[in-house]
Amino acid sequence: MNILLGHDKCWSIFNNALQSGKLHHGWILAGARGIGKAGFAKQIARKILDQEGRYTALFDAGTFPDLYVISRPPKEEPKPGEGIAVDAELKRSINIDQIRKLQSKLANKASMSDKRVIIIDAADDVERAGANALLKSLEEPPEGTIFLLISHASEKLLPTIKSRCQILRFEPLSHEQMNDALSQQFPDIADDEKSALIKAGKGSPGQAIAYMGLGMAEIEASLDNIRKSGDPQNIERAKLMKSLTLKAAQNKYEAFLRRAPSYIAEYAPYADIHRMDVISDCYNKANDLAGRAIGLSLDKQAVVFEMASLLSKLQTHKPRR
């Protein structure tokens, strides 16, 4: 997938700064999760550290010595000689020890380039003590060091960190750009599944891909049917309960819980003004239910039925499209 798809403006801003010879030492890459910020950051790193493309193999292997990527560590350390598993469970935050280890490395000179790049993925995950330690490095950056702070919720970052960085804002991709991104990544995907992934992704290719293989076209069709008919005989509710509550369907169940509140929110702008209180109440209850369902291990059948009941209240809503 083309990392720059939909982000030409961000690339132009950064590239102009690089070509000017006055590249700022700190950048915040801000935008929705899964929109392509991490891939963009790695492209930036290559541009800074290896403009002639001599070390492509090292970058591809993730072993270029002047590029540091800091992210949440795994709960269990991998065995000696083994890398971190793709599906490894991660700790809740980036801790201060990780930042201190980074700072000790920065005390040495770059080894293969005249610059170094630090990617923090994501800066939102850095615990408070670690954020204060990171701030010190941003206030007095080692010579030739560029910080790229990926942020899914930049409003939560310390104001002092934001004040020392330039911000690149990544906008959600358009429907056409999402279509292009998914078509490039999955050329054989069925049209109905791709359409469902585009809706669920909300302008974020990463989020759309996270729904891949979970039968989103089927879920989307059920949501549409409940909204349009109200499902008076509980036919769609029964279908959803059957398909979502099996043990093997946990990922699909969680995808349904993430999708249902956003589905309601998408229709709010089209609701009759006199029904906005109803729509808002449905959204808030659906969002709350989705949050509690996993954390409290609520009964799956009851959760699916209640979520579908909230969706059915949209039945009298007449969308203008």
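Under the numbering used here, the first residue of the sequence shown is numbered 26, with each subsequent residue one higher. Built from N, CA and C at the ideal position, the CB exists for glycine as well.
Sub-8 Å separation of residue i and residue j beta-carbons
| i | j | result |
| --- | --- | --- |
| Pro-286 | Ala-311 | yes |
| Ile-192 | Ile-60 | no |
| Leu-159 | Ile-124 | yes |
| Ile-69 | Phe-89 | no |
| Lys-325 | Leu-269 | yes |
| Gly-56 | Arg-194 | yes |
| Ile-95 | Ile-145 | yes |
| Ala-221 | Glu-245 | yes |
| Ile-175 | Val-151 | no |
| Ala-233 | Leu-265 | no |
| Leu-182 | Asp-149 | yes |
| Gly-231 | Leu-198 | no |
| Tyr-288 | Leu-248 | yes |
| Cys-190 | Gly-51 | yes |
| Gln-340 | Gly-255 | yes |
| Ala-235 | Asp-217 | no |
Close-in-space but distant-in-sequence residues of the same chain around residue i (CB under 8 Å, 5 per side omitted)
| i | result |
| --- | --- |
| His-342 | With a pLDDT of 44 at His-342, under the threshold of 50, the modelled position of that residue is not reliable, and the figure given next carries that caveat. Answer for His-342: Arg-252, Tyr-292, Tyr-295, Ala-296, Asp-297, Arg-300 and Ile-304, listed in chain order. |
| Arg-317 | Leu-323 |
| Lys-100 | Ala-113, Glu-114, Leu-115 and Lys-116 |
| Met-332 | Phe-281, Leu-282, Ala-285, Ala-311, Leu-314 and Ala-315 |
| Asn-204 | Lys-219 and Ile-223 |
| Tyr-80 | Leu-74, Phe-89 and Met-137 |
| Tyr-93 | Leu-127, Lys-130, Arg-141, Val-142, Ile-143 and Ile-144 |
| Asp-139 | Gly-169 |
| Met-237 | Phe-211 and Leu-222 |
| Tyr-308 | Pro-286, Ile-289, Ala-290 and Ala-293 |
| Ala-66 | Leu-54, Ile-144, Asp-146, Leu-173 and Ile-175 |
Residues that residue i bridges to, as DSSP identifies them
| i | result |
| --- | --- |
| Arg-141 | Thr-170 |
| Ile-121 | Looking at the DSSP assignment, Ile-121 forms no beta bridge with any residue, so it has no partner. |
| Ser-96 | Asp-146 |
| Leu-193 | Leu-54 |
| Ser-176 | Ala-55 |
| Val-151 | Ile-119 |
Contacts around residue i, its chain only, beta-carbon distance under 6 Å, and the 5 residues preceding and following it disregarded
| i | result |
| --- | --- |
| Gln-44 | none |
| Pro-98 | Lys-116 |
| Phe-330 | Arg-262 |
| Lys-72 | none |
| Ile-121 | Ala-154, Gly-155 and Ala-158 |
| Trp-36 | Leu-29 |
| Leu-83 | Phe-89 |
Sequence-distant residues of the same chain with beta carbon closer than 7 Å to residue i, five excluded per side
| i | result |
| --- | --- |
| Gly-240 | Lys-277 |
| Ser-136 | Pro-90 and Asp-91 |
| Glu-279 | Ile-319 |
| Ala-178 | Asp-149 |
| Ala-147 | Ile-175, Ser-176 and His-177 |
| Arg-345 | Bear in mind that a pLDDT of 44 at Arg-345, under 50, signals an unreliable position, so the model cannot answer this. |
Bounding residues of the alpha helix (DSSP H) (the contiguous stretch that carries residue i)
| i | result |
| --- | --- |
| Ala-82 | 81-86 |
| Ser-220 | 216-226 |
| Pro-230 | 230-235 |
| Leu-30 | Neither: Leu-30 is in no alpha helix (DSSP H) and is coded neither H nor E. |
| Asn-250 | 241-254 |
| Thr-185 | 184-187 |
| Leu-269 | 260-269 |
| Ile-69 | 62-74 |
| Pro-286 | 275-292 |
| Asp-302 | 301-320 |
| Ser-337 | 325-337 |
| Glu-165 | From DSSP, Glu-165 is part of no alpha helix (DSSP H); its letter is neither H nor E. |
| Ser-208 | 200-210 |
CB contact check: residue i to chain C, cutoff 8 Å
| i | result |
| --- | --- |
| Glu-165 | Looking at the structure shown, chain C is missing, and only one protein chain is on hand. |
Sufficient close CB pairs (3 or more, under 8 Å) joining the stretch 29-38 to the stretch 154-169: no
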